Amino acid sequence: MCGIVAYVGHQPARDILIDGLKRLEYRGYDSSGIAILNSPPYLARAVGKVASLEERVWKESPEGVVGIAHTRWATHGKPTECNAHPHVDCTGQIFLVHNGIIENYQALKKRLLASGHAFRSETDTEVLAHLIESAYQGDLEAAVRRALLDVQGTYGIAVMHASHQHQVVVARRGSPIVLGVAKGESLAASDVSALCQHTDQVVYLEDNEVARLEPGQFSIKTLDNKAVNRAATLLEGGAEAMDRAGFPHFMLKEIWEQPEAVENALRGRVNHSEGVAKLGGLESVQDRLQQARHLIIISCGTSYYAGLYARYLFETLTDLTVETELASEFRYRKLNFPPNTVVLAISQSGETADTLAALREAKRKGALVLGLVNVVGSSIARETHAGVYSHAGIEIGVASTKSFISQLTILTLMALLVGRSRTLPYEEGACLLRALEAIPDQIREVLKQSDRIRELAARYCHADHFLYIGRKYQYPIALEGALKLKEIAYIHAEGYAAGEMKHGPIALIDPSFPTMALAPEDASYDKVVSNIQEIRARDGKVIAVTSLGNNKLGALVDDLIEVPRTREILTPLLTVVPLQLFAYHCAVLRGCDVDKPRNLAKSVTVE
Ligand code: G6P
Numbered sequence: 063m064c065g066i067v068a069y070v071g072h073q074p075a076r077d078i079l080i081d082g083l084k085r086l087e088y089r090g091y092d093s094s095g096i097a098i099l100n101s102p103p104y105l106a107r108a109v110g111k112v113a114s115l116e117e118r119v120w121k122e123s124p125e126g127v128v129g130i131a132h133t134r135w136a137t138h139g140k141p142t143e144c145n146a147h148p149h150v151d152c153t154g155q156i157f158l159v160h161n162g163i164i165e166n167y168q169a170l171k172k173r174l175l176a177s178g179h180a181f182r183s184e185t186d187t188e189v190l191a192h193l194i195e196s197a198y199q200g201d202l203e204a205a206v207r208r209a210l211l212d213v214q215g216t217y218g219i220a221v222m223h224a225s226h227q228h229q230v231v232v233a234r235r236g237s238p239i240v241l242g243v244a245k246g247e248s249l250a251a252s253d254v255s256a257l258c259q260h261t262d263q264v265v266y267l268e269d270n271e272v273a274r275l276e277p278g279q280f281s282i283k284t285l286d287n288k289a290v291n292r293a294a295t296l297l298e299g300g301a302e303a304m305d306r307a308g309f310p311h312f313m314l315k316e317i318w319e320q321p322e323a324v325e326n327a328l329r330g331r332v333n334h335s336e337g338v339a340k341l342g343g344l345e346s347v348q349d350r351l352q353q354a355r356h357l358i359i360i361s362c363g364t365s366y367y368a369g370l371y372a373r374y375l376f377e378t379l380t381d382l383t384v385e386t387e388l389a390s391e392f393r394y395r396k397l398n399f400p401p402n403t404v405v406l407a408i409s410q411s412g413e414t415a416d417t418l419a420a421l422r423e424a425k426r427k428g429a430l431v432l433g434l435v436n437v438v439g440s441s442i443a444r445e446t447h448a449g450v451y452s453h454a455g456i457e458i459g460v461a462s463t464k465s466f467i468s469q470l471t472i473l474t475l476m477a478l479l480v481g482r483s484r485t486l487p488y489e490e491g492a493c494l495l496r497a498l499e500a501i502p503d504q505i506r507e508v509l510k511q512s513d514r515i516r517e518l519a520a521r522y523c524h525a526d527h528f529l530y531i532g533r534k535y536q537y538p539i540a541l542e543g544a545l546k547l548k549e550i551a552y553i554h555a556e557g558y559a560a561g562e563m564k565h566g567p568i569a570l571i572d573p574s575f576p577t578m579a580l581a582p583e584d585a586s587y588d589k590v591v592s593n594i595q596e597i598r599a600r601d602g603k604v605i606a607v608t609s610l611g612n613n614k615l616g617a618l619v620d621d622l623i624e625v626p627r628t629r630e631i632l633t634p635l636l637t638v639v640p641l642q643l644f645a646y647h648c649a650v651l652r653g654c655d656v657d658k659p660r661n662l663a664k665s666v667t668v669e
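When we follow this note's numbering, the leftmost residue of the sequence shown carries the number 63, and every step to the right adds one.
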């Protein structure tokens, strides 16, 4: 969703800011804008792609070495030029960009209007520019701190004032801001992807902190004016991850990175001699984990499907009772929270607003709250009691792929850790670990089928609808496969538990409504085959994903994709890969913008 980039240095700010905005495009947005300090200050905003803003900026070629820029994903007010950020105060001196939502903006606006301020936009954000204007007495940072004391809601902001030509002030509460420091230059952004081309030295701002950026230096204070000492940390592998490395799309690159994603998720976390996982991030809560009886998993989107997989996984490997709930529905449930309840929040970005709200609710109810997060230092990572990072690396494609595979891998390690401390025998644990370590090479085998899957996609990509079916471990994968097709190829696809098919979807089946059936040779194989037969009896076309060497299915289905054999519990790590490739190739063949699908955002920071 919305993105921020700010620069204070010696290079033309327009180049750094436009490049930063392009790197934030993957998050999803509908308008953008830029302001650069100069006399007079420069302001440009545009609806649509950053390319339209860029065209204007190149034409007007503004000078200046200090500036802020923004990509906006409309919440309050339509995506118009006037509602795009930066917003400006009445004096035309203060420029501000904002991510998040100002919850009390109506009350603040009323007060500001009464004292004579004039508003130009329909946004909640604009109140911040006017609030800072009224608090300004010659020191921008002090004015920002004072103004923010009146604000309810969430914000990541960057502000500058025409009288402070070498300064940008940033602040955060609930919406990330990361600072980047280089020689003679300072940057800030809502996401490291906009900084990592310029520096590998970063500082994560915490909630209720304000930072003053000047060329090559920064200082941090709390909102109540206490100095904070925080050294920069090294950002690992940043710039490389931002490069498509010869792949036509980030999504394809990320699908191809999945073997390494599994390897990274396993690195240093496998203890063969004891058949158990070693998860340093959970050591501090080991005792509470040992006493746990109930597990509630909360997440959204693809991470929710990882949570659904984990339900079967934890039920198989541990004696915990498990519930998986959509984070956005969590607050409407009256779940039982006995003292030995653990809540696990799963999130790639670590910023999903619904997941954050749900975990706060769980904390309020006294649960031990754990996180499984990819983005280091993100809000969910910080607000949970303990957790594990997936170390999948930066994921740019809006449709999540390698993070999902990482999540499945780490959830298996977590279930193993809990299971082995209870009833799961050593031999079981050790076998599972050996099978997990074989997964990266098995994924490589699946990836070799990409060209064949493209041929399949060419035959099926004109379908208007698709059904995905699977049972048990394959049910979440059916949901995830259908989500991928919807997200990037804009094909209506339904994921269904195969057993539910005859309670509704079978009414839709005809020769133009194909089905993707997940049918590895596992305990529910025969039942899935019966479901396939029911579809074939109604002239429905079927593509089946099955186990390598299964020659019994070929005669029954139209097309077959084979994946290597592994333990049943791990099969999802292999069956999901052809579904990602299928969706990807369908999207490319249909001319869709794979990495930036319409209306979607990588990080959903509104509830
Ligand atoms: C958005 C993204 C999805 C992602 C979901 C949850 O919808 O487009 O790819 O699965 O948010 O995000 P999270 O970062 O919490 O995993």
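Backbone N, C-alpha and C fix where the C-beta goes; we use that ideal spot for every residue, glycine too.
Given the structure is predicted, the values throughout are model-derived calculations rather than measurements.
Distance between residue j and residue i (C-alpha atoms, nearest Å)
{"i": "I594", "j": "R521", "result": "20 Å"}
{"i": "V127", "j": "T216", "result": "29 Å"}
{"i": "H554", "j": "K589", "result": "25 Å"}
{"i": "G369", "j": "G139", "result": "34 Å"}
{"i": "Q536", "j": "P634", "result": "6 Å"}
{"i": "L486", "j": "L375", "result": "13 Å"}
{"i": "T628", "j": "S440", "result": "34 Å"}
{"i": "N661", "j": "E549", "result": "9 Å"}
{"i": "Y558", "j": "A525", "result": "18 Å"}
{"i": "L570", "j": "D601", "result": "11 Å"}
{"i": "I458", "j": "S94", "result": "19 Å"}
{"i": "G90", "j": "D416", "result": "18 Å"}
{"i": "G428", "j": "P401", "result": "7 Å"}
{"i": "V213", "j": "V272", "result": "14 Å"}
{"i": "G449", "j": "Q352", "result": "15 Å"}
{"i": "Q55", "j": "L434", "result": "This structure gives no information on residue 55, because the portion of the chain shown stretches from 63 to 669."}
{"i": "H228", "j": "L357", "result": "51 Å"}
{"i": "R263", "j": "E325", "result": "Looking at the sequence provided, one finds Gln at residue 263 rather than Arg. If I take the Cα positions, the gap works out to 26 Å."}
{"i": "R444", "j": "G412", "result": "9 Å"}
Extent of the continuous alpha helix (DSSP H) run through residue i
{"i": "T364", "result": "G363 to L379"}
{"i": "N326", "result": "Q320 to L328"}
{"i": "V639", "result": "P634 to L651"}
{"i": "S441", "result": "S441 to E445"}
{"i": "D416", "result": "A415 to R426"}
{"i": "S335", "result": "Looking at the DSSP string, S335 is not in any alpha helix (DSSP H), and its letter there is neither H nor E."}
Closest by C-alpha distance to residue i, when choosing among the options
{"i": "E322", "options": "L370, I456, I239 and A429", "result": "I456"}
{"i": "A645", "options": "H149, L632, P626 and R516", "result": "R516"}
{"i": "A492", "options": "T295, K340, V70 and K548", "result": "K340"}
{"i": "G224", "options": "L99, V243 and F528", "result": "In the sequence as presented, Gly is not what sits at residue 224; that position holds Ala. Of L99, V243 and F528, the residue nearest in Cα terms is L99."}
{"i": "L379", "options": "Y198, S452 and T474", "result": "T474"}
{"i": "E188", "options": "A424, L170 and G616", "result": "L170"}
{"i": "T137", "options": "S177, D151, A176 and T185", "result": "T185"}
{"i": "I96", "options": "Q73, T133 and R85", "result": "T133"}
{"i": "E556", "options": "S574, N161 and I531", "result": "I531"}
{"i": "L158", "options": "L202, T261 and S123", "result": "L202"}
{"i": "L344", "options": "E413, S255 and I472", "result": "I472"}
{"i": "S592", "options": "E562, L545, R350 and R292", "result": "E562"}
{"i": "N166", "options": "A250, L190, F309 and V150", "result": "L190"}
{"i": "T142", "options": "I156, G178, A250 and R182", "result": "R182"}
{"i": "I194", "options": "I539, G154 and I163", "result": "G154"}
{"i": "A599", "options": "N613, A256 and D572", "result": "D572"}
{"i": "A663", "options": "D92, G82 and I66", "result": "D92"}
N-terminal and C-terminal residue of the beta strand (DSSP E) that residue i is part of
{"i": "E517", "result": "Run containing E517: none in the beta strand (DSSP E); it sits in the alpha helix (DSSP H), S512 to Y522."}
{"i": "K172", "result": "Taken as a continuous stretch (DSSP letters only), K172 belongs to no beta strand (DSSP E), being part of the alpha helix (DSSP H) at Y167 to A176."}
{"i": "T577", "result": "T577 to L580"}
Whole-Å CB distance - residue i paired with residue j, under 8 Å assumed
{"i": "L641", "j": "I505", "result": "The Cβ separation is near 13 Å, so there is no contact."}
{"i": "S252", "j": "V70", "result": "With 8 Å as the limit, S252 and V70 do not qualify as a contact, their Cβ atoms being about 16 Å apart."}
{"i": "A497", "j": "L632", "result": "6 Å"}
{"i": "H447", "j": "V431", "result": "5 Å"}
{"i": "L210", "j": "L285", "result": "6 Å"}
{"i": "Q469", "j": "S483", "result": "With 8 Å as the limit, Q469 and S483 do not qualify as a contact, their Cβ atoms being about 22 Å apart."}
{"i": "L529", "j": "T608", "result": "Incorrect: roughly 17 Å between the Cβ atoms, too far for contact."}
{"i": "H72", "j": "G246", "result": "5 Å"}
{"i": "F575", "j": "H527", "result": "5 Å"}
Quiz item: Contact between the region 381 to 395 and the region 412 to 432: three or more CB pairs below 8 Å?
Solution: yes
Quiz prompt | Inter-stretch contact at 8 Å, needing at least 3 Cβ pairs: the region 103 to 122 / the region 132 to 148 | solution = yes
Self-check item: Touch test, the region 225 to 236 against the region 167 to 182, Cβ-Cβ under 8 Å, three pairs minimum
Solution: no
Practice problem: Report yes or no: do three or more beta-carbon pairs, one from the region 649 to 656 and one from the region 611 to 626, lie closer than 8 Å? | Solution: no
Quiz item: If we count Cβ pairs, one from each stretch, closer than 8 Å, do we get three or more for the region 311 to 325 versus the region 276 to 294?
Solution: no
Quiz item: Touch check for the region 192 to 209 and the region 116 to 130: three-plus C-beta pairs under 8 Å?
Solution: no
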